[in-house]
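Below you'll find the structure, written out as structure tokens, and then a few comments.
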Amino acid sequence: MRAALWFLALFGAAVAVALFAGNNQGTITVFWPPWRVDLSLNMVVLLLLGGFTLLYAALRGLSKLLQMPVRARLWRLQQKERAMHGALLDALSQMLAGRFLRARKAAESAIAQAGALDDAKHRLPHGTQLRTLAHLVAAESSHALQDKSTREAHLQQALDQIPERAPAPMLELREGAQLRAARWSLDERDAGMALERLATLPAGMARRTLALRARLKAARMSHQTEQALETARLLGKHHAFSPVAAESIVRGLAIELIGSAHDPAQLQRIWLGLEGAERAMPEIAVHAAQRLAQLDGDAAQVRAWLLPVWERMGELPDAQQLKVVQALQASLDGLDANWLARIESAQRADPRNARLLYLSAMACLQRELWGKAQQLFTQAAQQLADAPLRASAWRHLAQLAEQRADADAAAHAWKQAALQYP
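Per UniProt numbering, the very first residue in the sequence shown carries number 1; after that it's consecutive.
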């Protein structure tokens, strides 16, 4: 359609020119004493058009001739810019391929080309980012080559390229350089420097998953368990780990933090600092109770921490049940009637459970119910599969026999207790 319209316009112009030129009888007379020149109007129009065309062509040619030095300079700058881009791409390719020495040389070549462009007062809109990236590639390659001095020099130059109040895209590059530097410190097992560098990150950047992973590793490496636990919680909320892995990491750190307590007050502060879901984990609650008992803490407090776990006793694995029984055994001082009722109720509900038999015997012993304690210890000693509890049951039977002045029974019980540890 467009071609047809062009043809119609061309034919119309041809008809108009033919009508104008074919029947045009006009003349133009030029007087130049002593001459007179008569020219047809068509000839004058053609001469004017030809003169204008010739003048325009001459002026365009002169303009091109005068612009040649400028165009030559721009061509040289363009070649340098292309060489800079090519060197940076080559540096990235070599670094990914593991050729770190070549990568560093290519990155330094890109930096040199950027410097040449700056000297020529030809600043690229993205020149700062390119130079920063080149410095980072050179620093990363130097880190792989274990050249710490060169790495730090390139890192500092990369940070100096971007001020702290630069536009957002440039600030992201600066933050990336700081995060990368922290990971270099982690590779060198320098957790203190890694944490120091992570502390310089803005609040938003510090809460990103990659930064939190680095902080978790640095905190664990420097044995700052409380900070590591807080970071692990954030990573779990960000879904950086699977739910099972996040729970396992948090549980391990909480147990480690509880184990670091040196007195009941410190342990109480740690316990209150845990989240409700963490305090409900059987492993954490049992470990906290055992640690509080080791620190000669309040037995009632130990039992209070163990109460949620005790209520889920039937759901726990075999090894965990043993730990709960051992923790309660160590906290029977001042046993109240409520706990005695709980233990007896659980034992009656599951009379074949030897551990509950043993725990009931310990509770009766604490309440000075000697006869019932002896009966339960005797049953438990025959059924217990756990050597520590079985030996403890025989020891208590020996002590009860000594109270009754039954030397034979006491000797037999002591012998059985000793046989539990071949």
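All C-beta atoms, glycine included, are put in the ideal place defined by N, C-alpha and C.
Nothing here was measured: the structure is a model prediction, and the numbers come from that model.
Helix, strand or coil for residue i, going by three-state DSSP, please let me know.
i: PHE7; result: helix
i: THR29; result: strand
i: ASP408; result: helix
i: MET193; result: helix
i: GLU275; result: coil
i: PRO125; result: coil
i: ALA280; result: coil
i: HIS135; result: helix
i: MET221; result: helix
i: PRO351; result: coil
i: residue 443; result: Lying before the first or after the last residue shown, residue 443 is absent from the chain, which here runs from 1 to 422.
i: ALA240; result: coil
i: GLY334; result: coil
i: LEU295; result: coil
i: GLN420; result: coil
i: HIS262; result: coil
What distance in whole Å lies between the Cβ atoms of residue j and residue i, which are believed to be in contact at a cut-off of 8 Å?
i: SER141; j: ALA112; result: Contact flag wrong, Cβ pair sits at about 16 Å.
i: LEU155; j: LEU179; result: The Cβ separation is near 12 Å, so there is no contact.
i: TRP305; j: ARG342; result: Contact flag wrong, Cβ pair sits at about 15 Å.
i: ASP90; j: ALA106; result: 4 Å
i: LEU235; j: LEU253; result: LEU235 to LEU253, Cβ: 11 Å. No contact.
i: HIS287; j: ILE255; result: 5 Å
i: LEU389; j: TYR358; result: 5 Å
i: LEU173; j: VAL137; result: Going by Cβ atoms, the distance from LEU173 to VAL137 rounds to 12 Å, so no, they are not a contact pair.
i: LEU88; j: ALA110; result: 4 Å
i: LEU292; j: GLN301; result: 6 Å
i: LEU384; j: ALA393; result: 6 Å
i: LEU376; j: ALA361; result: 3 Å
i: ALA398; j: ALA410; result: 5 Å
i: THR29; j: ARG36; result: 6 Å
i: LEU316; j: PRO282; result: 6 Å
i: SER331; j: ALA299; result: 4 Å
i: TRP339; j: ARG367; result: Contact doesn't hold; Cβ gap of about 10 Å is too wide.
i: MET170; j: THR128; result: 6 Å
What span of residues does the alpha helix (DSSP H) with residue i cover, start to end?
i: GLN382; result: 370 to 383
i: ASP318; result: 318 to 329
i: PRO388; result: 387 to 403
i: GLU256; result: 243 to 259
i: LEU356; result: 354 to 366
i: GLU311; result: 299 to 311
What does residue i pair with, by DSSP beta-bridge criteria?
i: TRP35; result: TRP32
Against chain C, does residue i count as a neighbour if the rule is that its beta carbon must be under 8 Å from one of theirs?
i: LEU365; result: Absence of chain C from the displayed structure is noted, only one protein chain being present.
- Query: Going along the chain, which unbroken runs of the alpha helix (DSSP H) with 4 or more residues stay wholly within the segment 40 to 99?
  - Reply: The segment 40 to 99 contains, as complete alpha helix (DSSP H) runs of 4+ residues, the segments 41 to 96 (chain order).
- Please go through the segment 140 to 214 and give each complete alpha helix (DSSP H) segment of 4 or more residues, from N-terminal end onward. You should have 148 to 161, 168 to 187, 191 to 199 and 203 to 206.
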